[in-house]
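Here is the structure we will look at.
Chains as they are written, first to last, in my numbering: chain E, 9 to 304; chain Y, 7 to 182.
This is how it looks when you write it as structure tokens:
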């Protein structure tokens with residue numbers, strides 16, 4: 009019995025020596041795999057892959073649909089981050105809009121040859137019956153006077169109606185109290201443009217438009233005549249409707265302003281009329297003498 | 007046949023452990039399934055130790071291959087654990103969940119110490135790190151996993167029991 013037990017323990021000891029030898033060999037050459045190792049690993053790898061696939065699927069199911077302890081807190085945190093990002097985005101958009109506004113103003117000022125100042129539209133009257141008939145500028149005191157023309161890069165907008173402090177109101181050309189002397193660029197027909205004051209458009213009309221040789225047509229451009237406070241040649245609008253009668257010296261037309269009066273952001277106030285065009289421009293001038301001496 | 011079945015069961019448990027340990031909340035504290043299987047073989051070795059030690063060594067070697075430890079390291083530890091289990095099996099009544107967990111935790115601790123000694127011999131010990139803390143955590147997790155592993159092993163033993171008494175003993179958790 010004792011002999012058998014000793015044999016048993018001896019065998020166990022020998023069995024222990026085998027992994028010890030393997031371990032010693034592995035320390036010398038860790039990358040060296042024998043056939044048995046390769047077979048086990050080849051067999052086990054797909055099994056492990058399948059088990060991992062199932063485990064990950066179950067883990068995903070658990071974490072997405074069951075274990076949602078931290079989700080509430082995470083949601084709150086994400087909402088906070090979202091709010092902050094929205095605020096940041098709004099601020100960035102506001103700055104971008106300001107920048108675009110300034111770019112428009114600079115471009116408009118560059119294109120205007122007359123002595124003028126740029127101004128930003130800071131408010132508009134929002135009376136539901138009259139829509140926007142006046143706008144408020146952020147410049148005025150000491151620089152702007154009543155009656156000065158106001159334009160943007162499309163054309164005429166109106167004139168300064170009131171000045172108070174640093175601000176000024178603009179009487180839009182679509183206001184019923186506005187009257188501007190104009191002519192039709194193609195035919196030369198002359199008339200007075202008045203605002204219709206409609207609540208659904210910024211339309212104006214020319215009541216007593218002279219009938220010349222050519223009849224005016226829809227689409228004809230109307231410009232300022234130069235009579236009154238407006239310099240000549242400023243684009244005012246396009247004819248949208250012609251109400252011609254068979255008799256009489258005058259005709260009536262409806263005009264749509266070329267400037268979009270519903271979306272005014274920056275404007276130019278003309279402080280003085282543009283310089284007159286140089287009549288000698290384009291003519292060849294004789295060269296001045298270099299040293300003031302008459303040649304022999 | 008019984009030993010082969012236990013080796014196969016241990017192989018499956020090692021595979022599952024390798025896949026599942028990522029999801030355990032205790033970081034790197036992984037239950038030592040190899041140690042549990044090895045000591046179970048030692049505890050239930052009856053009169054013959056060598057077949058149990060052989061099974062334990064094979065289980066340990068499979069653990070080395072699948073879990074990435076140097077080949078032979080876990081095999082040695084598993085072999086020693088099977089002998090240890092055989093030595094203490096006459097003095098131990100493995101019955102009840104608490105006792106099972108305590109034995110499993112002790113097994114995990116011994117396996118950790120033996121593994122540390124082997125790594126010390128091989129010069130694989132890191133300079134820093136909480137070695138004892140890691141060992142204790144691994145022992146704790148092994149203790150928690152012990153009832154599951156032992157129950158699986160017993161169920162396998164019950165299927166391969168030759169007599170009704172052996173089958174009942176395996177189900178009851180009595181070492182023979």
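Glycine included, each C-beta is placed from N, C-alpha and C at the ideal position.
Alpha-carbon spacing of residue i relative to residue j, whole angstroms
{"i": "residue 153 of chain E", "j": "residue 82 of chain E", "result": "60 Å"}
{"i": "residue 82 of chain Y", "j": "residue 115 of chain Y", "result": "15 Å"}
{"i": "residue 138 of chain E", "j": "residue 269 of chain E", "result": "Residue placement at residue 138 of chain E cannot be trusted, given a pLDDT of 49 that sits under 50; the coordinates are not used to answer."}
{"i": "residue 94 of chain E", "j": "residue 63 of chain E", "result": "39 Å"}
{"i": "residue 140 of chain E", "j": "residue 235 of chain E", "result": "Any reading at residue 140 of chain E must be qualified, since the residue scores a pLDDT of 49, below 50, and its modelled position is unreliable; no value is offered."}
{"i": "residue 239 of chain E", "j": "residue 231 of chain E", "result": "10 Å"}
{"i": "residue 61 of chain Y", "j": "residue 69 of chain E", "result": "37 Å"}
{"i": "residue 115 of chain E", "j": "residue 105 of chain E", "result": "15 Å"}
{"i": "residue 152 of chain Y", "j": "residue 110 of chain Y", "result": "5 Å"}
{"i": "residue 247 of chain E", "j": "residue 271 of chain E", "result": "21 Å"}
{"i": "residue 119 of chain Y", "j": "residue 141 of chain Y", "result": "8 Å"}
{"i": "residue 110 of chain E", "j": "residue 126 of chain E", "result": "10 Å"}
{"i": "residue 189 of chain E", "j": "residue 255 of chain E", "result": "24 Å"}
{"i": "residue 39 of chain E", "j": "residue 79 of chain E", "result": "45 Å"}
{"i": "residue 35 of chain Y", "j": "residue 143 of chain Y", "result": "6 Å"}
{"i": "residue 136 of chain E", "j": "residue 170 of chain E", "result": "Low per-residue confidence applies at residue 136 of chain E: pLDDT is 47, beneath 50, and the placement is therefore not dependable enough to give any value."}
{"i": "residue 197 of chain E", "j": "residue 96 of chain E", "result": "55 Å"}
{"i": "residue 165 of chain E", "j": "residue 273 of chain E", "result": "12 Å"}
{"i": "residue 127 of chain Y", "j": "residue 174 of chain Y", "result": "43 Å"}
{"i": "residue 122 of chain E", "j": "residue 85 of chain E", "result": "57 Å"}
{"i": "residue 60 of chain E", "j": "residue 26 of chain Y", "result": "8 Å"}
{"i": "residue 222 of chain E", "j": "residue 178 of chain E", "result": "35 Å"}
{"i": "residue 102 of chain Y", "j": "residue 176 of chain Y", "result": "13 Å"}
{"i": "residue 72 of chain E", "j": "residue 89 of chain E", "result": "22 Å"}
Contact under 8 Å by Cβ, residue i with residue j
{"i": "residue 45 of chain Y", "j": "residue 78 of chain Y", "result": "no"}
{"i": "residue 15 of chain Y", "j": "residue 159 of chain Y", "result": "yes"}
{"i": "residue 277 of chain E", "j": "residue 245 of chain E", "result": "no"}
{"i": "residue 204 of chain E", "j": "residue 211 of chain E", "result": "yes"}
{"i": "residue 122 of chain Y", "j": "residue 137 of chain Y", "result": "yes"}
{"i": "residue 166 of chain Y", "j": "residue 8 of chain Y", "result": "yes"}
{"i": "residue 194 of chain E", "j": "residue 228 of chain E", "result": "yes"}
{"i": "residue 41 of chain Y", "j": "residue 161 of chain Y", "result": "no"}
{"i": "residue 226 of chain E", "j": "residue 249 of chain E", "result": "yes"}
{"i": "residue 124 of chain E", "j": "residue 118 of chain E", "result": "no"}
{"i": "residue 65 of chain Y", "j": "residue 18 of chain Y", "result": "no"}
{"i": "residue 168 of chain E", "j": "residue 242 of chain E", "result": "no"}
{"i": "residue 129 of chain Y", "j": "residue 73 of chain Y", "result": "no"}
Beta-bridge partners of residue i, as assigned by DSSP
{"i": "residue 170 of chain E", "result": "E:177"}
{"i": "residue 124 of chain E", "result": "E:278"}
{"i": "residue 198 of chain E", "result": "E:191"}
{"i": "residue 203 of chain E", "result": "E:212"}
{"i": "residue 144 of chain Y", "result": "Note: residue 144 of chain Y sits in no beta bridge, so no partner."}
{"i": "residue 36 of chain Y", "result": "Per DSSP, none; premise fails for residue 36 of chain Y."}
{"i": "residue 232 of chain E", "result": "E:190"}
Nearest to residue i (by Cα), restricted to the options the options
{"i": "residue 157 of chain E", "options": "E:269, E:13, E:27, E:275", "result": "E:275"}
{"i": "residue 224 of chain E", "options": "E:255, E:243, E:117, E:262", "result": "E:262"}
{"i": "residue 19 of chain E", "options": "Y:86, Y:73, Y:129", "result": "Y:86"}
{"i": "residue 30 of chain E", "options": "Y:42, Y:71, Y:19", "result": "Y:71"}
{"i": "residue 27 of chain E", "options": "Y:110, Y:76, Y:23", "result": "Y:76"}
{"i": "residue 97 of chain Y", "options": "Y:155, Y:48, Y:130", "result": "Y:48"}
{"i": "residue 23 of chain E", "options": "Y:89, Y:109, Y:156", "result": "Y:89"}
{"i": "residue 58 of chain E", "options": "Y:149, Y:131, Y:21", "result": "Y:21"}
{"i": "residue 94 of chain Y", "options": "Y:55, Y:103, Y:162, Y:18", "result": "Y:55"}
{"i": "residue 108 of chain Y", "options": "Y:146, Y:73, Y:80", "result": "Y:146"}
{"i": "residue 182 of chain E", "options": "E:197, E:39, E:214", "result": "E:214"}
{"i": "residue 155 of chain E", "options": "E:61, E:43, E:180, E:192", "result": "E:180"}
{"i": "residue 257 of chain E", "options": "E:13, E:241, E:243, E:219", "result": "E:219"}
{"i": "residue 34 of chain E", "options": "Y:157, Y:84, Y:125, Y:156", "result": "Y:125"}
{"i": "residue 2 of chain E", "options": "E:187, E:108, E:44, E:173", "result": "Because chain E is modelled from 9 through 304, residue 2 of chain E falls outside the range shown and cannot be assessed."}
{"i": "residue 130 of chain E", "options": "E:102, E:176, E:25, E:37", "result": "E:176"}
{"i": "residue 208 of chain E", "options": "E:216, E:46, E:264", "result": "E:264"}
{"i": "residue 199 of chain E", "options": "E:162, E:216, E:186", "result": "E:216"}
{"i": "residue 50 of chain Y", "options": "Y:163, Y:171, Y:170", "result": "Y:163"}
Segment limits, beta strand (DSSP E) that includes residue i
{"i": "residue 244 of chain E", "result": "243-251"}
{"i": "residue 265 of chain E", "result": "258-265"}
{"i": "residue 217 of chain E", "result": "212-218"}
{"i": "residue 187 of chain E", "result": "187-192"}
Proximity test, residue i beta-carbon vs the ligand SAH heavy atom, cut-off 7 Å
{"i": "residue 195 of chain E", "result": "By its list of ligands, the structure shown contains no ligand whatsoever, and the ligand SAH lies outside what it can speak to."}
Run of the alpha helix (DSSP H) containing residue i, from where it starts to where it stops
{"i": "residue 46 of chain E", "result": "43-69"}
{"i": "residue 162 of chain E", "result": "Per DSSP, residue 162 of chain E belongs to no alpha helix (DSSP H) and is neither H nor E."}
{"i": "residue 83 of chain Y", "result": "79-94"}
{"i": "residue 100 of chain E", "result": "79-119"}
{"i": "residue 63 of chain Y", "result": "56-73"}
{"i": "residue 34 of chain E", "result": "10-36"}
{"i": "residue 113 of chain Y", "result": "103-128"}
{"i": "residue 13 of chain Y", "result": "8-26"}
Can you list, in chain order, the residues of the region 67-78 of chain Y whose Cβ is nearer than 9 Å to any Cβ on chain B?
Chain labels in this structure do not include chain B; the protein chains are E and Y.
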